[in-house]
Structure formats: structure tokens, C-alpha cells
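Structure record follows, encoded as C-alpha cells.
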Amino acid sequence: MKKITLLGLMAALPINTFAAETLATPDLDEVVVTASRTAQSTKTVTGDITVIDSEEINRLQGGSLADLLRLQPGVQSYSNGGMGTSSNITLRGTNDNQLIVLVDGVRINSGTTGTTAFENIPLALIDRIEILRSPASSLYGSDAIGGVIQIFTKRGSGNKTHIYGTVGAGSYDTYTGNAGIDTAYKALKLGAQISSYDTRGISAKKRPPLNVDKDRDGYQNFSGSAYASLEFAPGHSLGLNYLESDGRSEYDNGYVGNHQNRYQQGYGLALKNALTERWKSTLQYNNGRDQLYTVSAATGATANSNIETEQHQISWQHDYQLSNGTIMFAYDRLEQDVLTKTIGRQTLDRGRSNDAFVLGYTGSFDNHSAQLSLREDHNSQFGNYTTGGLGYGYAFTPAWRVTAQYGSSFRAPTFNQLYAVNYGNPNLAAEKADNLEASLRYQGQALQAKVTVFDNHIRNFIQTLTSGCPVGFPNCAVNAGKIEIQGVTFESSLALDESWLLSGNLTVQSPRVDGSDNLLVRRAQRYGNLVLQYKAGDWNWTTELTASSQRYNDAANRLALSGYALLNSTLAYQLNQHWRLQARANNILDKDYVLAAVNSTVDYNTMGANVFFSLNYDMH
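This is the structure:
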């Protein structure tokens, strides 16, 4: 009955054709900054980049950032339960800690695990996302073996006051609300937004053996962001941005009352100066903080652990405009400090710093485009690393373009991998990687398509072993040798007519350990998405099919996780100029699927068929 109800709800698609707004293919000439650290047209980018706009983000109201990213080419995600539990993102088969995540330019990842708490960043605060699926250490430094995800929070674009907000409710006793305002006074622009999320959730474990773990594990989050920008003279401005997210999630571990509090904070100050007509300078200071406080209620006593990471970043970048391109020179400094405590006892207190100089160039000459980057990093722990990138593109017709790119990258071991009690190995070497890729792209008015092949070789790959460790170590971090990730990604979108748009992506890859030929943990060899959109007049309807092949939950490839396919849909109706009503159904066919497992007998849980309704107000 539940399946029939959901199918009936989302099939209520109007078939009338209206004269109002209709669908179009994505913008052929968007401007991105992540691919080269300078403003650049997507037509000239040689790397593999995807832009997620606000319309696509709004379609997933009530969902998570991981849900949104999973719909993108070359992206996989898995989590340890329902909403609020640990979510992991991998790009092109690389590890979740081989990825740089920036929120308005601020690093907010954990220094102990190297990963980012995607589950704690609400979609309600996000305006735009850029995903660079190419090694980018030559631009951003350590960790960018898989690429970079840059998140931009909401901010106004005009000089008028703009107020907006959303309330929503859905399955699993889920309730959300968010509100924001943008305004301006003369040369000053500022704004702020808040977001609240509350759900009783599902049990984090699927069919757990202990009755105490069969309860529902809830999640609450309260977040906010703010910005201000003052242009104190023509071409000269001072900007401030701030983000804070506070989440509480329950988890299963054999006792009542287990929960985690996750706190993230990021703020930045940017001074921009037009020194000449061609020469621009940007001086930035950013601070990112990540804190995880875990309460494990055991035998009447509370065993608490606290993990804090703080990252201070200074960047001074100069962009000089040439007749056929832009030269970029930058100095970056990153300071990382980690403090961990267990039951009030300090277990780790470490810090390190990294200084780097970056030189880059992007340019276009008739049908040719080029990108070069060179970076020298000096790490206080690991010494010097030099990385480089070289890209070339050629448009042999206005619609057809071919690109090729090489990039080297590295990742310094995390503090956990080096120093964690009964796990860390202070003799670990940094991971190093070399990537080659090429693409063939077609950009027409009705049809867009891209095929990208890639080959990423990673040396000194750091892996966690559960056997063969020193005495007293239940598991340990070791340099496991070489990893080779070969693959191809297909992307396309086709405007069937003014109202219908069909798009999709498919990734076929082989992320394997050279010595054993085993697949990396929880990495599928085939995965992709198919999206059908209808838009006419006041109606907007979208259906998504997401599928993945079999994966393995362990390094030995003995515990298989079955493939799955999910059907989701969104139906929105514009009530008037300011109000929009939206309904979303996830996992419409109520599939029982697994993204990750605890062990050979217990899986982490996933949500069955569920719905979410929202009412949106926009002053525009």
C-alpha cells in the first residue's frame, strides 16, 4: 500500500502545456573558480568539473548533502546509518580523506581522520557547489588526490532587501525550518540565514542482535551562516563570511544514551584590491574548526571522548590579466592543531604547519586553451613536496572539444594515522599520486555530452590492517603499496522539447590494490544516475534513478554488498510569485539496500520509502 501511495503521489504530473517558464539545457558558459583558483569559463576548463546550482539543491529539500553529491558524475557515498550518521564521499574511487572540502574557501575537515562531516552541513544554507574531479595538489596542496569540492553558502546578488524561508515535514517524524535575509546600504552588503533540522530517524543498524540497538536513532541540527561585504573604494573591498553548524546524532553501540555532538565553525576575512586595471590582489585569513564529542553510556558510567581540530589559513593571491589569459601567483600558509581527550585524559596534542608558493596560468588562443600550475609545499613534519599540473584543450568545431590533463598530488598522513593510541604509525610516508585524463565534449543547444577517461596511480597508499599489527594494536595504519584507479565517466543531457529534459551519468572504474588486485573498500565498479525533468508553467517535476553495482565491505573482498537501484521523485507547484509547495518521495519502490556494514552479520541501516513536504517563501 505504501508503494502505491507514493507512486500515485509523484505520478500526479500535469500534462498541460503552459506559455510560462520552460526547461532549457544547462548554461553552456558558466564561470567557475575551483578549477584554477581564478574565474574561468567552463568552456575553457581542461579539468573535469561539475556545477550544482540552487535549483538542483532545492529539489532535495529534506535530504542531505551526501544525497545530493551522490547524483553527480564520479561520486559515491556511504553512511553508517540514517540522517546525521557519518557520511563519506569518494571521487573517482579515491578515499574519502583524499579530498579537499572548502566552504566559502575555508577548510573544515577533521585533522584526525582527514574526512569532512558532510552530514552536518545542511543543504538549506548552500547556494552553489563546484566539484573538481581531478588531482589538485598543485593548486590547493595536501589531500587533493581525488579532487576538490567547494561549497558556496547563500548570499544576495542585488541591492534590494531579500527575505526567504522554508518549513517542511516528512517521514520518520522529520521537521525542518530555515530563514534568511539579504540587504544592502550604499556600499555595504550583508546577510544571514539559519537552519533547523529534527528527526527521530531510523535505527542506525539493520536488524541488530541486541534489543537495545533496535531503537530509533534521532538527529538534530541547528546551523547558521552570515556574510558582509564593503566596497570602500572602486575596485577595493573587504568581505567577511561565517558558518556554524551544531548537530547531535544518536548511534547504536549496545547501551542506551549513546550519542555524538558534532560542531563545525568556519570564518574568513578577505581583502580584495585592484592594484591596476590588470592586476588584482586578494589577501585572505580563514579559520576552520571541527569538534566531535562522543558519549558512550557503558555500565552506568559515561565514557566520553573529545576530538578538536583547528586550522588557520592565510593566502595572498595575485592575478594578472594578459591579452590571452591570466597569470596567478599565491602564497599559502596552513596551520593545523589537534587535541583529543578520552574520559578527560589528554591522548593527543599535536600541530604542524605548511608553507607553499603557487604559480598558475590559464589562457585561450583561438581554438586552444591551456592551464598550467606548479606548487612547492614545505611541511614542518614531512619536508618539501613539488606538484604540478598541465592541461590542454582544443575546440575543433564550435560544438566539439577535446582535452587532456596531467596532475601530480600528495597527501600527508592524518594525525590519527601517525599518533593515535594503539593504531598510529609515526614512520608513515606521505601518499603520492600521478593522474592522466582525457575528455571528448559536445556542447550543442539541445544536446550536451562528455566522455572522460582517467588513470590515477597512488603510491605509499595508507591502509588500515586488522591483522599483522604490533602487539596490543587491534588495527594499525601502514603504507600498503600502490593503487591504480582506471575508469571512464559518461555524462549527457538532452532537451527533448521545451518542457522535457533527460540527463544522466555513468562511471565504470577499477580501483584496485596492485599487489592483491582487490577492489578498494565500498567502491563500486559501475554506478550512475538517470534524471528526467518536466517544467511548464507553475509545475516542476523531476524523477531520479540511482544505481550501483556490487561493492565489498572489507579490504580482503570477502564481504560483498549487493548492488541496488533507487527511484526518487520531486513535484513542485508555484502557488504565486512568492510561494512554492513541494513534495519529494525517496526510495519510492521501498528497496532494502545496504551502503555499508558493521561486520559479516550486521549492516548499517538505510531508509525505506519516505516522503517530505515543504512550503517555500521567496520575496523576489
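Per my numbering, the sequence shown starts with residue 57, numbered consecutively. Just so you know, even glycine gets a beta-carbon here, dropped at the ideal spot from N, CA and C.
* **Of the listed residues Val88, Cys532, Thr100, Ser135, nearest to Thr459 (C-alpha basis)** => On the sequence shown, position 403 is the one that residue 459 refers to. The option with the nearest alpha carbon to Thr459 is Thr100.
* **beta-carbon Leu645 near the ligand NAD non-hydrogen atom, thresh 7 Å** => In terms of ligand content, the structure shown is empty, and the ligand NAD therefore cannot be addressed.
* Spatial neighbours of Asn478 in its chain, beta-carbon cut-off 7 Å, leaving aside the 5 residues before and after -> In the sequence shown, the residue the question calls residue 478 occupies position 422. Closer than 7 Å at the Cβ level, and outside the excluded window around Asn478, lie Gly528, Phe529, Pro530.
* Any idea if Glu77 is buried or exposed, counting beta-carbon neighbours within 10 angstroms, 16 or more meaning buried? -> As a working mapping, residue 77 is identified with position 21 in the sequence shown. Confidence in Glu77 is poor, its pLDDT being 48 and thus under 50, which makes the residue's placement unreliable; the coordinate value appears in the next sentence. With fewer than 16 Cβ atoms within 10 Å of its Cβ, Glu77 is classed as exposed.
* Would you mind reading off the limits of the beta strand (DSSP E) that contains Gln132? => Along the sequence shown, one-based indexing puts residue 132 at 76. It spans 131–135 - the beta strand (DSSP E) in which Gln132 sits, taken as one unbroken run.
* Asp433: which of Asp411, Asp511, Gln427 sits nearest, CA to CA? -> The residue labelled residue 433 in the question sits at position 377 within the sequence shown. Checked all of Asp411, Asp511, Gln427; the closest Cα to Asp433 is Asp411.
* Element boundaries [alpha helix (DSSP H), containing Arg115] -> Here residue 115 is taken as the residue at index 59 of the sequence shown, counted from 1. 110–115 is the span of the alpha helix (DSSP H), which, as asked, contains Arg115.
* Asked: Taking C-beta to C-beta, are Gly324 and Asn297 nearer than 8 Å?
  -> Working through the sequence shown from its first residue, we reach residue 324 at position 268. Working through the sequence shown from its first residue, we reach residue 297 at position 241. It is a contact, given that the beta carbons lie within the stated cut-off.
* **Own chain partners of Leu127 with C-beta closer than 6 Å, once the 5 adjacent residues on each side are dropped** => Start at 1 with the first residue of the sequence shown, and residue 127 comes out as number 71. In chain order, Asn585 place their CB closer than 6 Å to the CB of Leu127, counting only its own chain and leaving out the 5 sequence neighbours on each side.
* Asked: Beta carbon of Ile207, beta carbon of Ile237: below 8 Å?
  -> The residue given as residue 207 occupies position 151 in the sequence shown. The residue given as residue 237 occupies position 181 in the sequence shown. It is not a contact, given that the beta carbons lie outside the stated cut-off.
* To do: Going by CA-CA distance only, name the one from Ser670, Phe438, Gly203 that's closest to Ala91.
  => As a working mapping, residue 91 is identified with position 35 in the sequence shown. Checking every option, the nearest Cα to that of Ala91 belongs to Gly203.
* Asked: What residue range is occupied by the uninterrupted beta strand (DSSP E) comprising Asn512?
  -> Taking the first residue of the sequence shown as 1, we reach residue 512 at position 456. Residues 503–515.
* **Of the listed residues Asn215, Thr209, Tyr629, Gly664, nearest to Leu622 (C-alpha basis)** => Position 566 of the sequence shown, counting from 1, holds the residue named residue 622. When only C-alpha atoms are compared, the closest one is Gly664.
* Asked: Would a C-beta distance cut-off of 8 Å place Ile177 and Leu124 closer than the cut-off?
  -> As a position in the sequence shown, residue 177 is number 121, starting the count at 1. As a position in the sequence shown, residue 124 is number 68, starting the count at 1. Against a cut-off of 8 Å, the Cβ pair of Leu124 and Ile177 comes out as no contact.
* For Ala326, which three-state DSSP category applies? -> Along the sequence shown, one-based indexing puts residue 326 at 270. Of the three classes helix, strand and coil, the one that applies to Ala326 here is strand, per DSSP.
* Buried or exposed for Asn423, please, with buried defined as at least 16 other CB atoms from any protein chain shown within 10 angstroms of its CB. => Looking up residue 423 in the sequence shown gives position 367. Asn423 comes out exposed.
* Figure out for me which residue from Gly400, Trp372, Gly170 has the closest Cα to the Cα of Asn329. => Mapped onto the sequence shown, residue 329 falls at position 273. Asn329 has its Cα closest to that of Trp372, out of Gly400, Trp372, Gly170.
* Among Gln630, Lys488, Phe471, which residue has its Cα nearest to the Cα of Pro482? -> Counting from one through the sequence shown, the residue named residue 482 turns up at place 426. Closest by alpha carbon: Phe471.
* Distance between beta carbons of Ile518 and Asn535, contact taken as under 8 Å -> Here residue 535 is taken as the residue at index 479 of the sequence shown, counted from 1. Here residue 518 is taken as the residue at index 462 of the sequence shown, counted from 1. Sure, about 6 Å apart at Cβ, within 8 Å.
* Environment of Leu179 [buried if 16+ CB atoms lie within 10 Å] -> The residue labelled residue 179 in the question sits at position 123 within the sequence shown. Buried: at least 16 other Cβ atoms inside 10 Å.
* Taking buried to mean at least 16 other C-beta atoms within 10 Å of its own C-beta, is Lys270 buried or exposed? -> By one-based count along the sequence shown, residue 270 stands at place 214. Classification of Lys270: exposed, given that the 10 Å Cβ count is below 16.
* To do: Please work out which residues of its chain come closer than 6 Å, Cβ to Cβ, to Val107, disregarding the five sequence neighbours upstream and downstream, and give them in chain order.
  => Here residue 107 is taken as the residue at index 51 of the sequence shown, counted from 1. The answer, listed in chain order, is Glu86, Glu186.
* For Ala468, which of helix, strand or coil comes out of DSSP? -> For the purposes of this step, residue 468 is taken as the residue at position 412 of the sequence shown. Ala468: coil per DSSP, three-state reduction.
* To do: Helix, strand or coil for Ser656, going by three-state DSSP, please let me know.
  => Position 600 of the sequence shown, counted from the first residue, corresponds to residue 656. Reduced to three states, the DSSP call for Ser656 is coil.
* The alpha helix (DSSP H) spanning Ser194 covers which residue range? -> Counted from its first residue, the sequence shown places residue 194 at position 138. First-last of the alpha helix (DSSP H) with Ser194: 193–196.
* To do: Using a threshold of 8 Å, state whether the C-beta atoms of Ser409 and Arg389 are closer than that.
  => Looking up residue 409 in the sequence shown gives position 353. Looking up residue 389 in the sequence shown gives position 333. Cβ atoms of Ser409 and Arg389: closer than 8 Å.
* Run through DSSP, which three-state label would Val650 get? -> For this step, residue 650 is matched to residue 594 along the sequence shown. Here Val650 sits in coil by DSSP.
* Starting from Asp405, trace the beta strand (DSSP E) both ways and give me its first and last residue. => Start at 1 with the first residue of the sequence shown, and residue 405 comes out as number 349. 401–421 is the span of the beta strand (DSSP E), which, as asked, contains Asp405.
* Integer-rounded CB distance, given that Asn380 should sit under 8 Å from Gly416 -> To locate residue 416, count along the sequence shown from 1; it is residue 360. To locate residue 380, count along the sequence shown from 1; it is residue 324. For a cut-off of 8 Å, the C-beta gap from Gly416 to Asn380 is around 15 Å, too long to register as a contact.
* Would you mind listing the beta strand (DSSP E) stretches within the segment 616–648 that are 3+ residues and don't spill past its ends, in chain order? => 620–630, 635–642
* To do: Kindly confirm or deny that the segment 136–148 and the segment 339–356 touch, where touching means at least three C-beta pairs closer than 8 Å.
  => no
* With a CB to CB cut of under 6 Å and the five nearest residues on each side skipped, what residues in its chain are close to Glu306? -> Position 250 of the sequence shown, counted from the start, is the residue given in the question as residue 306. Excluding residues within five positions, the ones whose Cβ falls inside 6 Å are Asp273, Gly274, His315.
* **Reference Gln606; option with closest CA among Pro265, Thr150, Arg578, Thr626** => Translated into positions along the sequence shown, residue 606 becomes position 550. The shortest CA-to-CA distance from Gln606 to any of Pro265, Thr150, Arg578, Thr626 is the one to Arg578.
* Tell me whether Gln461 sits in a helix, a strand or coil according to DSSP, three-state version. => As a first step, residue 461 is located in the sequence shown; it is residue number 405 there, counting from the start. If DSSP states are grouped into helix, strand and coil, Gln461 belongs with the strands.
* Asked: Taking DSSP as the reference, what is the three-state secondary structure of Glu175?
  -> As a working note, residue 175 is residue 119 in the sequence shown. It is helical.
* To do: Tell me, to the nearest whole angstrom, how far the beta carbon of Ser193 is from that of Gln461; I am working on the premise that it is less than 8 Å.
  => Reading the sequence shown from its first residue, position 137 is the one you call residue 193. Reading the sequence shown from its first residue, position 405 is the one you call residue 461. No, Ser193 and Gln461 are not in contact; Cβ-Cβ is about 14 Å, not under 8 Å.
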